[in-house]
Structures are given as structure tokens and as C-alpha cells.
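Report on the following structure.
Residue numbers (the working numbering): -12 to 429.
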């Protein structure tokens, strides 16, 4: 069998496998695909009149690598026929009978169609090189996807490599002894107080493993995601690890809209144990536990509050550290509430540029309006509350009436088009005999 020589093939496969952290079998598969594309390019140069082939034209061709001899062959599977219409896919029976007397039409044979060493050509070699580079990138992306797919939503240790535009390119690993993979930290996922210098290490939250063949890292990591705060508390508070204390909700603003406002997080915790203080457990003795989290987040302000099933209490706790006098649930269905505070607590409850009330609203899921209790008009607000309740009641009655009308219409439709019952079929024993029918006729 003929063969196109590839000097240094074995060393090339070993080098690519080592440099790109790919298995040798994956490198060989990519090389076979690339050589097949090169062979297609070679065949196109032979068809000057019509150089294009159908997409599946070469499906019966394959490339065989010979690692020891350092070369490759092209093999074609052809069907035995009486008369050949397509020599790339068919072979005449009489030709096969010369070497295999038992051959029959419809059988298939594998033939060596390797071109001569000099015929393969420079353009085919360039095509092979380009396709090989693309296939190797695809293999790498596939392996990275399989390696990190199950790690989405977890925390990884990352090291700063370089900067691209406003993004930070970091090196992460899926475990001890595993090779490093590039990940991208976008501008919106960075913390304003972080110092991203070269080789600095950070803990990051793996947001997404991208698919496809787009350029750049396919791992997206974050320092601004609320999942990072949850992980840090789970790591620092044994009661959370043991499920004694649970984290109910987290609201985080790592990148405030104004540079005059710092990052801040509110976290709601709860416990079913009477003797355990969930807030105290998260803060720790003299604030040691929460201080470790704050240090990791480069001084970010964190409010730990007690969750409550009562909305009024939960909203009041969520506005910490402000002191709340009263919470009025204006529209429970619409989840709107008025929070009444003293005049000296207004700025604290609202927060700098509204950050405190904004985070409390996101944490509790209620729309919160902060009011000065000294200027609050109870009578006017009670009328508004009554009007809202009345509007809700009327809307609900209208919806119930429409639903009932629709059900009545469905019942009438089913009765009108109900299928008639089938007539009972007589069995052979019940059918009137021929003699009985004749007697009736007489």
C-alpha cells in the first residue's frame, strides 16, 4: 500500500498532546479529520471544470495514520456493481473477481486511493494545517466544557494572567493536579476594591461554561455574584455547614451605580433551633467570622439580618441598621408597604443614594416606601388602602365571573356535540333465523 510520508509525526502528536493538555487519541482524531479535508482540497484541484463536491461526497473515505512509519493513507469503501457510474463510490465486479472469486454485486471493498507524495500539493498541505488548528481548538473547548460543566455555581481559586480591554483573564483549575484553564472576569463582575495585579490570587464564582467555537475563554467567572457571599459564609460558619442555620435570601450590590457608594450586601438567615442565634452565629465572637468574609471581599459592607415569616417584621429587619417605628402593608397582594420612621432615621433607612432601601426591597421582595411618621396622614392613607382593596375585590369578582361563564360555555359545548350512543350490536345467537324471517313475511 502506498503512503504519504509525514516526517516527525510521532513527535508532533506527542508535542501537541503535551502543550495543549489533550489526549493523544484526540490529537490523532483531529489530525485525521484535517488530512481528510486536505485530501478533499487535493481532489478539487483535479476537477478544473467543476471543483465543488456534494457535502457527503467523501463520507465513504477515511484517513489511516501510521504512527510507526510516520505517514498516512487514504482508504475508500466502494460498492461492487456490474456497471460503474461513479468510480469514487463503485467498482466493477469483473475487476474484483480477479482477486476475489467469491465477490458478488452489492458487496463492499476497501481500496487504497492514497495520492502520490508529490501530488498532494502545497495548497492541500495549507488546508490541512488550518483545519488541524481549528479541530484542536474544538477538542480543547469540548474537554474544558466536560471538565467544568458540573462545577457551574461553585467557587474556584483563580490567578490573574493578563488584561484584555476591560476584562481580566484568569487561570483556574478544576481540581488538584489538573491543568490550568483560562477564564474571563468581565468588568461588571469585578469588585471596585480589588487590585487585579499579575499573579494575584482570588476566589471566584463560576457563572457559566460557554459552548460553541467563539474566540476567547469559555469560562465566565465573577467576584460580584451573590453566590460568592453564600460560599464564604458557608465556609466560615460551621452552623451553616451543619444545616443548623440556613441562608434564606441574599441581596448584593457589588457595583453600585455611583462611585460615591460602596459595595454592600444584605443576607437573611434563620434557624429552627431555639438555643441558636443565627445572626450571632454568622457574626462570630467579636465579629471574627463576618470579618473574614469582609476581608475576602475587600471591605464590602455586609448586613446580617434575621428572617421572619411575618412580612412586617422581615421588612423592619431588612432596613437595618435603621430603627423602624411601624410597617403598614398597604397592598399585600401587590406586595407594597409603607415604612414609618422618625425624622432622624430617614436618611439611614433610605441609605446613601437609596442603597439601603433598594437592597431591603430586593431582599424581602416588597416595594418599600419610607415615610416620616410625624408627617404621615393616616386618614388619607387609610382611604387609599381601602380604595386599593376595593379595586382588588372588584377585579377578583370580575375574574371569577368570567371563569364561571367560560365553564358554563364549555359545558354547553360538550352537551351540544356529545356523541350519540352506539346502537347495541346483536350477537349471532340473538340474530333472527332465516325461518323466522320467512314466517313473518307469510
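Even glycine gets a Cβ: it sits at the ideal position worked out from N, Cα and C. Computed from a predicted structure; not experimentally measured.
| task | Let me know if residue 208 comes out buried or exposed under the rule of 16 or more other beta-carbons within 10 Å of its beta-carbon. | result | Numbered from its first residue, the chain shown carries residue 208 at position 221. Residue 208 should be labelled buried.
| Meets three-Cβ-pair contact criterion under 8 Å: the stretch 109 to 116 and the stretch 81 to 99 | no
| query | If you draw a straight line from the C-alpha of residue 206 to the C-alpha of residue 195, how long is it? | reply | Position 219 of the chain shown, counting from 1, holds the residue named residue 206. Position 208 of the chain shown, counting from 1, holds the residue named residue 195. Going from the Cα of residue 206 to the Cα of residue 195 covers about 6 Å.
| task | Could you tell me the boundaries of the alpha helix (DSSP H) in which residue 277 lies? | result | If you number the chain shown from 1, residue 277 lands on position 290. Looking at the DSSP string, the run of the alpha helix (DSSP H) that includes residue 277 is 275 to 283.
| Outcome for residue 247 when other beta-carbon atoms lying within 10 angstroms are tallied against a minimum of 16 | Counting from 1 along the chain shown, the entry for residue 247 is found at position 260. Exposed.
| query | Which class does residue 67 belong to by DSSP, given the choice of helix, strand or coil? | reply | Locating residue 67 in the chain shown gives position 80, counting from the first residue. Residue state, collapsed to three classes: strand.
| In chain order, each beta strand (DSSP E) run of at least 3 residues that lies wholly inside the stretch 106 to 154 | 142 to 151
| request: Pair every Cβ in the stretch 55 to 64 with every Cβ in the stretch 93 to 102, then say whether three or more of these pairs are closer than 8 Å. | output: yes
| message | Rounded to the nearest angstrom, what separates residue 278 and residue 346 at their Cα positions? | response | Residue mapping note: residue 278 aligns to position 291 of the chain shown, counting from 1. Residue mapping note: residue 346 aligns to position 359 of the chain shown, counting from 1. Cα to Cα, residue 278 sits roughly 21 Å from residue 346.
| message | Once the 5 residues before and after residue 421 are set aside, which same chain residues still bring their CB inside 7 Å of it? | response | Start at 1 with the first residue of the chain shown, and residue 421 comes out as number 434. Any answer about residue 421 is weak, because its pLDDT of 48 lies below 50 and its placement is not dependable; what the coordinates show is given next. Counting only Cβ-Cβ distances below 7 Å, and skipping sequence neighbours, we find nothing.
| said: Given the structure, does residue 392 come close to the ligand MG, in the sense that its CB is under 6 Å from one of the ligand's heavy atoms? | reply: Among the components modelled here there is no ligand, and therefore nothing to report on the ligand MG.
| field | Boundaries of the beta strand (DSSP E) in which residue 170 is found, first to last residue | value | Here residue 170 is taken as the residue at index 183 of the chain shown, counted from 1. Taken as a continuous stretch (DSSP letters only), the beta strand (DSSP E) holding residue 170 covers 168 to 172.
| task | Keeping to the same chain, check which residues put their C-beta closer than 6 Å to that of residue 315; ignore five residues upstream and five downstream. | result | Translated into positions along the chain shown, residue 315 becomes position 328. Same-chain partners within the cutoff: 325.
| Where residue 176 and residue 349 are concerned, what is the direct C-alpha to C-alpha distance, given to the nearest angstrom? | Sequence index remark: in the chain shown, residue 176 carries index 189 (1-based). Sequence index remark: in the chain shown, residue 349 carries index 362 (1-based). In a straight line, the C-alpha of residue 176 is about 19 Å away from that of residue 349.
| Candidates 363, 344 and 284: closest to residue 309 by CA position | In the chain shown, the residue the question calls residue 309 occupies position 322. Of 363, 344 and 284, the residue nearest in Cα terms is 344.
| query | For residue 54, which of helix, strand or coil comes out of DSSP? | reply | For the purposes of this step, residue 54 is taken as residue 67 along the chain shown, with counting starting at 1. Note: residue 54 maps to coil in three-state DSSP.
| field | Reference residue 303; option with closest CA among 280, 289 and 332 | value | If you number the chain shown from 1, residue 303 lands on position 316. Nearest of 280, 289 and 332 to residue 303, Cα basis: 332.
| query | Closest by CA to residue 120, which one among 147, 22 and 148? | reply | To locate residue 120, count along the chain shown from 1; it is residue 133. Ranking the options by Cα distance to residue 120, first place goes to 22.
| In whole angstroms, what is the alpha-carbon distance linking residue 241 and residue 252? | On the chain shown, residue 241 is found 254 positions in, with the first residue counted as 1. On the chain shown, residue 252 is found 265 positions in, with the first residue counted as 1. When rounded, the distance between both Cα atoms is 8 Å.
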